[in-house]
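Here the structure comes first, spelled out in structure tokens, and everything after it is commentary.
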Amino acid sequence: MTEPTAPGAKEVWITGIGIVSSLGEGLDAHWDALNQKRINVDDKRFAPYIVHPLAPVSFDAQIPKKGDQRQMEAWQRIGTYAAGLALDSAGVKGNQEILGRMDMIVAAGGGERDIAVDLAIMNADAKGNSSPAFLNERLMNDLRPTLFLAQLSNLLAGNIAIVHGVSGTSRTFMGEEAASIDAARIALARIESGQSEIALVGAAHNGERPDLLILYEFGDFNLTEKYAPVWQRDDKGGFALGSAGCFLVMESREHAEARGAKPYARLTKVVADLAQRKQAGAVTKSLEALWPKLGVTGDTGNLITGATGVGPVTSEEKEFLRQHPGFAVRATGTMFGHTLETQFPLGLALAALSLSRGALFPPNDPTGLEVEKPGVPDQIVVLGAGHWQGEGMALVEAIK
Amino acid sequence: MRRSIDGGNMSAPRDKFGRPIVVVTGMGVVTSLGAGKKDNWTRLTAGESGIRTVTRFPIDGLKSTMAGTVDFVSVDPVSSTGLTEQLAKLATEEALEQAAIGGKADFPGPLFLAVAPVEVEWPQRLELGRAIGKTDFGYEDMLRVSGGGRFSAFHHRFMFGSVASHLAETYGTKGSPISLSTACASGATAIQLGVEAIRRGDADAALCVATDGSVNPEALVRFSLLSALSTQNDPPQAASKPFSKNRDGFVMAEGAGAMVLESYESAMARGARILGVVAGCGELTDSFHRTRSSPDGKPIIGCMRKTLADAGLEPEQIDHINAHGTATPENDKMEYNTTAVVFGDHLPKIPVSSNKSMVGHTISAAGAVEAVFSLLTLEHQRIPPTINYEVPDPAILFDVVANQARDARVTAVMSNSFGFGGQNASLILTREPA
């Protein structure tokens, strides 16, 4: 579906990055952690399942009102926090003139359950002592009224509007990993065409949720027993859920220059597709079809992937990577775990960060698939292939 | 960015801003009133209500016991997400048949789907609980029985992207399908995304669908706990009272709306019948509160003004408003106050109506369902009534189309949608390209 970039298309810069994850918060902390090859996993709390827990964060720093924090569940706090970091990084925090017309596309899942309420109802049902009215009565009496708002997908965007004042357009895309690929794709298309000047794009994920572990366990997607880097997971594979929030400020070059903003990198292209994964090799084929649309200039380069580590998608992605042996690969899943909607923005953020620091961060992979890449990168490809559907790529370039 | 075709001899049909004109060439709708435009229009203009007492599940202990459920469609296994998908398919098939575009399972453009957030539902959760084989269990016990393939269908069903994925496969839409939620404005947002894609030249056609089949116990309870629902359960048909003094909340409902959007140029080139024009879209976020509008109404006022500006129209050129009109005390008052600011002296000349008085609030689908009804209003030059309008609210001075349909000259309709999370979106629909 992606057309060649239209004549007269505006150049789009990434001028703000906000990250909070299991490795900490902010750009310096992440750059240091990546260079030190730090990994933060918890294999006890949900044993035998493994998660990458959120690093300690003082939410007050970006969400000053306790009342606001109480109205949110963890995924919304993580996202609202990361959005604040991105706005700070872009130098637009508190600038009501810009925030009032800033467009927002959030990729979101849904909110936490009240686990105690769920368990009480399920146990009563399993004991056979639930009357027809039982479910209604328990829900009416036990659900907190405000929990609904912490569950609604579009209320992460709602909270970002309330806490930070981002109040141009507000759109929430859903659909796991693909949602954020499309969020970046649509935001880029809107700015390139002049439909938007500046946008906040990102996602948040709380990986420390038993209800999510159950949801992914239905499909046998969870990594259990022992942590392993993404490329070292066996054929069955699996992902370790990670907690992270990541937001980017994107704007037209003219808009950035007019306000004297310094760019991290240029977002040149985002392409996406949805292969019906009914036959082996469908993902490899889908990625191969997207590749020529990206505009990568050579046979060598850098690639940051959100590879989940689950089969068969990750082996099919490996097959694709084997066709492009000149590209130095980094899998964010090894360090951050799988953060679903957040994985693609995280890849974009780390690409922009690497380009702005003039180096690709080191490999973190005992299998040798990831190799050292000395030198100053000028292009980084970001790749996302969802655990069950959705494929996409972006090209992020250095601004010299 | 005005581009010419045929070597510059002829200009493509563009709006006054030089953008491709976006037309509608196919529409489909399902509500509690029935499946299809014909049944819906007949019953809508007859002032019939689709609201009834819920029979799908026990209503004991609930404060609100009525809804606009679509009971003539059932899915097995039972789930709101499954019903949501089925309603979307019914509306989409009607729209595609009318548009007669592309081949079978080969729609020549992207899909934008407004859909309610998806989560594991109670029938499935209880099924899992019963599979554990003991009592006094915890989440660890649930996890122990969740894997191994026994419940793999639950994974696919309860992924947020599942409905869009199935629609994309069935109808052969191109590229990555987008599922979106802007709460009660979702249907309008889906249309807006389609309009933007065509205006950018990214696509010549877009399939915009909005669907909601989520009347289930927990959804009713959640809205009930926020005091958003009417509790005037008896008789259920009289519960939804937009603009009335004795209104007390909205009535949950199900439905779907689908639209095939095309560039005017592309529609003309294939000789398609043009049903109407999406002349303008606008959106402005309210950052005041999670469920309440800013007391000064500025975001809603700004949203309507942006929409007028996007359509290149003056307030005086709007001759009907298809209101959001949920019948909550707050919405209807706020909608009147803000509309009065935008339309000023012209407001008394604009007949206003709320379809929700008859079909209830179809939540994620409402923006698209009401856009379809707005285009049918333009086609038939007849405005569906706001029923249950017996005790006018003296603070709401709209010219409400009260209780009976009204014939009127209608050339441009504004359709409004406002949602939780500060979501405001408006559309302007016209009969002919300007």
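Residue numbers (the numbering used here), protein chains in the order written: chain A, 11 to 410; chain B, 13 to 446.
Each residue gets a CB set at the ideal place from its N, CA and C atoms; glycine is no exception.
All values derive from a computational prediction rather than experimental measurement.
1. Would you mind giving the Cβ-Cβ distance between Glu342 (chain B) and Arg304 (chain B), rounded to the nearest angstrom? I have them listed as a contact below 8 Å.
2. In the DSSP assignment, find the unbroken beta strand (DSSP E) run with Thr93 (chain B) in it and report its ends.
3. At a Cβ cut of 8 Å, what residues of the segment 166-177 of chain B count as close to chain A, listed as they run along the chain?
4. Within 7 Å of any Cβ in chain A, is that where the Cβ of Pro32 (chain B) sits?
5. Kindly list the residues whose CB is nearer than 7 Å to the CB of Gln399 (chain A), restricted to its own chain and excluding five residues on each side of it in sequence; keep chain order.
6. Given Ala445 (chain B), which residues of its chain have a CB within under 6 Å of its CB, disregarding the five upstream and five downstream residues?
7. Just list the residues that DSSP pairs Trp23 (chain A) with in beta bridges.
8. Work out the CA separation of Asn436 (chain B) and Ile312 (chain B) for me, nearest whole Å.
9. Let's see if you can read the secondary structure: which residues bound the alpha helix (DSSP H) around Arg234 (chain B)?
10. Can you give me the start and stop residues for the alpha helix (DSSP H) that Met112 (chain A) sits inside?
11. Of the residues B:Tyr401, B:Asp357, B:Ala202 and B:His392, which one's Cα is nearest the Cα of Arg443 (chain B)?
12. Could you tell me whether any Cβ in chain A is nearer than 7 Å to the Cβ of Phe163 (chain B)?
13. In angstroms, rounded to a whole number, what distance separates the CA positions of Asn428 (chain B) and Thr201 (chain B)?
14. Report all residues from its chain with a CB closer than 6 Å to the CB of Lys279 (chain A); omit the five preceding and five following residues, and keep chain order.
15. What ranges does the alpha helix (DSSP H) occupy inside the segment 126-212 of chain A, keeping only unbroken runs of at least 4 residues that lie completely in it?
16. Can you name, in chain order, every residue of its own chain whose Cβ lies under 6 Å from the Cβ of Phe355 (chain B), other than the five neighbours on each side?
17. For Gly368 (chain A), does the count of other Cβ atoms within 10 angstroms reach 16, so buried, or fall short, so exposed?
18. Over what stretch of residues does the beta strand (DSSP E) that includes Ala291 (chain B) continue unbroken?
19. Relative to the C-alpha of Leu370 (chain A), which candidate in A:Leu198, A:Arg148 and A:Ala338 has its C-alpha closest?
20. So if DSSP puts Val116 (chain A) in a beta bridge, which residue, or which two residues, is it bridged to?
21. Can you find a C-beta in chain A that's less than 7 Å from the C-beta of Ser447 (chain B)?
22. Can you pull the chain A residues whose beta carbon is under 8 Å from the beta carbon of Val233 (chain B), in chain order?
23. By the criterion of Cβ-Cβ separation under 8 Å, what are the contact partners of Ile399 (chain B) in chain A?
24. Using a Cβ cut-off of 8 Å, which residues of the segment 222-251 of chain A contact any Cβ in chain B, in chain order?
25. What are the residues in the segment 166-186 of chain A lying within 7 Å of chain B by C-beta distance?
26. For a test of the three-state rule: what should DSSP assign to Ser61 (chain B), helix, strand or coil?
27. Let me know the secondary structure DSSP gives Pro120 (chain B) once reduced to three states.
28. Just mark Gln81 (chain A) as buried or exposed, buried being the case when its beta carbon has 16 or more other beta carbons within 10 Å.
29. Which residues of chain B have a Cβ atom closer than 8 Å to the Cβ of Asn133 (chain A), listed in chain order?
30. For Thr90 (chain A), which residues in the same chain have their Cβ closer than 6 Å to its Cβ, ignoring the five residues on either side in sequence?
31. So which residues on chain A does Ser193 (chain B) lean against when the C-beta distance must stay under 7 Å?
32. Going by DSSP, what residue range makes up the beta strand (DSSP E) through Pro363 (chain B)?
33. Start and end of the beta strand (DSSP E) containing Val425 (chain B)?
34. Would you mind giving the Cβ-Cβ distance between Gln161 (chain A) and Gly212 (chain A), rounded to the nearest angstrom? I have them listed as a contact below 8 Å.
35. When you compare each of B:Gly40, B:Gln249 and B:Glu133 to Met264 (chain B) by their alpha carbons, which one comes out closest?
36. Taking the alpha carbon of Thr182 (chain B) as the reference point, which residue from B:Ile333, B:Leu287, B:Val413 and B:Gln98 has its own alpha carbon closest?
Well, looking at it:
1. For this step, residue 342 (chain B) is matched to residue 330 along the second sequence. For this step, residue 304 (chain B) is matched to residue 292 along the second sequence. 7 Å between Cβ atoms; contact.
2. Against the second sequence, residue 93 (chain B) aligns to sequence position 81. Thr93 (chain B) -> not in any beta strand (DSSP E); alpha helix (DSSP H) instead, spanning Ser92 to Ala111.
3. Phe166, His167, His168, Phe170, Met171, Phe172, Gly173, Ala176 and Ser177
4. Start at 1 with the first residue of the second sequence, and residue 32 (chain B) comes out as number 20. No - not a single Cβ of chain A is within 7 Å of the one on Pro32 (chain B).
5. Along the first sequence, one-based indexing puts residue 399 (chain A) at 389. The answer, listed in chain order, is Ala188, Leu284 and Arg287.
6. Translated into positions along the second sequence, residue 445 (chain B) becomes position 433. Before going on, a small fix: residue 445 (chain B) reads as Pro here, not Ala. Closer than 6 Å at the Cβ level, and outside the excluded window around Pro445 (chain B), lie Ile33, Tyr276 and Val289.
7. Working through the first sequence from its first residue, we reach residue 23 (chain A) at position 13. Trp23 (chain A) is bridged to A:Glu261 and A:Arg276.
8. Translated into the one-based positions of the second sequence, residue 312 (chain B) becomes position 300. Translated into the one-based positions of the second sequence, residue 436 (chain B) becomes position 424. Approximately 6 Å between the Cα atoms of the pair.
9. Your numbering for residue 234 (chain B) matches position 222 in the second sequence. Segment Pro229 to Leu237, the alpha helix (DSSP H) holding Arg234 (chain B).
10. Residue mapping note: residue 112 (chain A) aligns to position 102 of the first sequence, counting from 1. Met112 (chain A) -> no alpha helix (DSSP H), and no H or E assigned at all.
11. For this step, residue 443 (chain B) is matched to residue 431 along the second sequence. Among B:Tyr401, B:Asp357, B:Ala202 and B:His392, the Cα nearest to that of Arg443 (chain B) is on B:His392.
12. What you label residue 163 (chain B) is simply residue 151 of the second sequence in a count that begins at 1. Answer yes: the Cβ-Cβ gap between Phe163 (chain B) and chain A drops below 7 Å somewhere.
13. For this step, residue 428 (chain B) is matched to residue 416 along the second sequence. For this step, residue 201 (chain B) is matched to residue 189 along the second sequence. Computed Cα separation, rounded: 11 Å.
14. Taking the first residue of the first sequence as position 1, residue 279 (chain A) is located at position 269. So the list reads Leu304, Gly305 and Leu405, once near-sequence residues are dropped.
15. 144-152, 157-161, 165-174 and 186-202
16. Start at 1 with the first residue of the second sequence, and residue 355 (chain B) comes out as number 343. Closer than 6 Å at Cβ, skipping near neighbours: Pro327.
17. The residue labelled residue 368 (chain A) in the question sits at position 358 within the first sequence. Gly368 (chain A) is exposed by the Cβ-count criterion.
18. Here residue 291 (chain B) is taken as the residue at index 279 of the second sequence, counted from 1. Start and end: Gly288 to Glu295.
19. In the first sequence, counting from the first residue as 1, residue 370 (chain A) sits at position 360. Residue A:Ala338 is the option with its Cα nearest to Leu370 (chain A).
20. Translated into the one-based positions of the first sequence, residue 116 (chain A) becomes position 106. DSSP output for Val116 (chain A) lists A:Thr182 and A:Gly212 as bridge partner(s).
21. Outside the displayed span of chain B (13 to 446) sits residue 447 (chain B), for which this structure offers no information.
22. Along the second sequence, one-based indexing puts residue 233 (chain B) at 221. Within chain A, the residues near Val233 (chain B) are Asn146, Leu149, Met150 and Leu153.
23. Position 387 of the second sequence holds residue 399 (chain B). Per Cβ cutoff of 8 Å: no residues; Ile399 (chain B) is ~29 Å from chain A at best.
24. Those residues of the segment 222-251 of chain A that come within reach of chain B (Cβ to Cβ, closer than 8 Å) are Leu223, Ile224, Leu225, Tyr226, Glu227, Phe228, Gly229, Asp230, Phe231 and Asn232.
25. Ala167, Gly168, Ala171, Ile172, Gly175, Ser177, Gly178, Thr179, Ser180, Arg181, Thr182, Phe183, Met184, Gly185 and Glu186
26. In the second sequence, the residue the question calls residue 61 (chain B) occupies position 49. In this structure, Ser61 (chain B) counts as coil in the three-state DSSP scheme.
27. In the second sequence, the residue the question calls residue 120 (chain B) occupies position 108. DSSP places Pro120 (chain B) in coil when its eight states are reduced to three.
28. Locating residue 81 (chain A) in the first sequence gives position 71, counting from the first residue. Result: buried.
29. For the purposes of this step, residue 133 (chain A) is taken as the residue at position 123 of the first sequence. Result: Gly141, Thr147, Asp148 and Phe149.
30. Counted from its first residue, the first sequence places residue 90 (chain A) at position 80. In the same chain as Thr90 (chain A), and ignoring 5 residues on each side of it, the C-beta atoms closer than 6 Å to its own belong to Ile73, Asn169, Ile170 and Val173, in chain order.
31. Residue 193 (chain B) sits at position 181 when you count from the first residue of the second sequence. In chain order: Ser163, Asn164, Thr182 and Met184.
32. Against the second sequence, residue 363 (chain B) aligns to sequence position 351. Element bounds for Pro363 (chain B): Pro363 to Ser365.
33. Taking the first residue of the second sequence as position 1, residue 425 (chain B) is located at position 413. Here the beta strand (DSSP E) through Val425 (chain B) covers Ala424 to Gly431.
34. By 1-based counting over the first sequence, the position of residue 161 (chain A) is 151. By 1-based counting over the first sequence, the position of residue 212 (chain A) is 202. At roughly 19 Å, the Cβ-Cβ gap does not stay under 8 Å, so Gln161 (chain A) and Gly212 (chain A) are not in contact.
35. Position 252 of the second sequence, counting from 1, holds the residue named residue 264 (chain B). Among B:Gly40, B:Gln249 and B:Glu133, the Cα nearest to that of Met264 (chain B) is on B:Gln249.
36. The residue given as residue 182 (chain B) occupies position 170 in the second sequence. Nearest of B:Ile333, B:Leu287, B:Val413 and B:Gln98 to Thr182 (chain B), Cα basis: B:Gln98.
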